[in-house]
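Colleague:
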Amino acid sequence: MHQSIAHGIAKVYPESHHGICIYHLERNLKRRKVKSEVIKLFQSAARVYKHKEFDLYMSDLAKVDKKTFDYLIEEPPERWARSCSSRRRYDMLTTNIVESMNYVLLEARELPILRMMDFIQVKLQRWFYERRNEAEGTFYDVSWWVEEELKKKIDLAFTLNVFPIDSWRSRVEEEGITFLVDLNKRTCDCFQFQFDELLCIHAIAVIEKRNIKKSNFCSDRYLKESWLKTYERQIHPVGHTDSWIVPESVKSQIIKPPDFKVPPGRRQKKRLLSRFPEVQDI
1 MHQSIAHGIA KVYPESHHGI CIYHLERNLK RRKVKSEVIK LFQSAARVYK
51 HKEFDLYMSD LAKVDKKTFD YLIEEPPERW ARSCSSRRRY DMLTTNIVES
101 MNYVLLEARE LPILRMMDFI QVKLQRWFYE RRNEAEGTFY DVSWWVEEEL
151 KKKIDLAFTL NVFPIDSWRS RVEEEGITFL VDLNKRTCDC FQFQFDELLC
201 IHAIAVIEKR NIKKSNFCSD RYLKESWLKT YERQIHPVGH TDSWIVPESV
251 KSQIIKPPDF KVPPGRRQKK RLLSRFPEVQ DI
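Sequential numbering from 1 applies to the sequence shown in full-length UniProt numbering.
Structure (structure tokens):
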């Protein structure tokens with residue numbers, strides 16, 4: 001991101017957190033011909049939940065490749081490491097909505113403006129309908145993605161030893177290491193529970209022993225209800241112009257084209273990538 005834009009964001013949105021996508025940062029490392037061993041250390045350092053583990057991985061990385069270590073530290077770890085971030089980092093790769101729509105409209109942008117608007121309306125109408133049907137069709141209390149993530153952890157959770165302390169807290173042992181789980185505060189010593197706002201294997205072990213619903217301890221954003229609310233609205237067609245009811249105050253307006261001079265040369269269609277292609281984690 002250009003420095004002037006970064007300064008503008010900091011001034012207008014002082015409480016926002018600007019993070020770097022580790023996927024793009026990893027691509028930068030690959031372009032620099034960094035060894036696979038170093039990339040694996042970077043991936044581990046970026047994704048671990050405990051700051052102590054982050055320090056260990058970065059120490060190992062510095063021993064193997066000091067130049068790459070210095071390159072990574074140029075950007076504060078708070079912007080790309082989960083354990084150092086002051087805000088919640090999302091454990092999934094997404095493209096921001098602007099880039100997604102730019103890609104979808106790549107060919108439609110060459111159409112006349114009204115044809116392009118029709119294309120957008122049809123596309124959004126289909127997306128909302130399909131996603132609403134998908135959400136309505138699930139039998140879980142959470143989205144199907146969350147349900148699959150929880151299923152991956154259940155087998156391992158059943159191998160753990162659980163020792164209840166009171167009605168909310170329990171001690172969980174995993175390979176000789178003890179973790180304290182607090183269902184009321186939704187925390188665990190592994191930090192996954194509070195960072196992801198999704199059950200870790202230790203919390204699942206406690207919940208299974210107490211025979212209560214797992215969805216009660218997941219963030220509201222993971223629930224089926226929230227999924228449905230995202231697509232509850234319908235996208236309606238504008239209809240034929242003969243059916244439009246246009247107020248006289250609108251009819252009387254004269255719309256002029258923008259005062260804009262087309263620069264010489266072929267129009268650029270692809271954006272230029274910065275040194276650190278970035279996304280926001282808020």
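Every residue gets a Cβ at the ideal spot worked out from N, C-alpha and C, and that includes glycine.
(1) Three or more C-beta pairs closer than 8 Å, one from the region 59–72 and one from the region 94–111: is that the case here?
(2) Quick one: residues in its chain with C-beta nearer than 8 Å to the C-beta of A6, no 5 flanking neighbours on either side, listed in chain order?
(3) So the beta strand (DSSP E) S170 belongs to, where does it begin and stop?
(4) From the DSSP output, read off the bridge partner residues of L72.
(5) Give the DSSP bridge partners of I255, in chain order.
(6) Pull up the distance between the alpha-carbon of Q121 and that of A135, whole angstroms please.
(7) Which stretch, first to last residue, makes up the beta strand (DSSP E) that contains L180?
(8) Is there contact between the region 195–210 and the region 144–151, where contact requires at least three CB pairs shorter than 8 Å?
(9) If you drop the 5 nearest sequence neighbours on each side, which residues of the same chain put their C-beta closer than 7 Å to that of H236?
(10) Between which two residues does the beta strand (DSSP E) harbouring N216 extend?
(11) By Cβ distance, which residues of its chain are closer than 6 Å to V34, with the 5 residues on each side in sequence left out?
(12) Alpha carbon to alpha carbon, how far is G239 from S249? Give it in angstroms, no decimals.
(13) According to DSSP, simplified to helix, strand and coil, what is P77?
(14) Leaving aside the five residues before and after L124 along the sequence, list all residues of the same chain whose C-beta is less than 8 Å from its C-beta, in chain order.
(15) Helix, strand or coil for C84? Go by DSSP, reduced to three states.
(16) Going by DSSP in three states, residue 283 sits in which element: helix, strand or coil?
(17) Could you spell out the range, first to last residue, of the alpha helix (DSSP H) harbouring D55?
(18) How long is the line joining the alpha carbons of Y140 and A157, rounded to whole angstroms?
Modeller: Based on what the coordinates show:
(1) no
(2) H18
(3) 169–174
(4) DSSP output for L72 lists no bridge partner at all.
(5) DSSP, once it has assigned bridges, lists no residue as partnering I255.
(6) 21 Å
(7) 177–182
(8) yes
(9) none
(10) Per DSSP, N216 belongs to no beta strand (DSSP E) and is neither H nor E.
(11) T68
(12) 21 Å
(13) helix
(14) I235
(15) helix
(16) Outside the displayed range of the chain (1 to 282) lies residue 283, so it cannot be described from this structure.
(17) 51–64
(18) 20 Å
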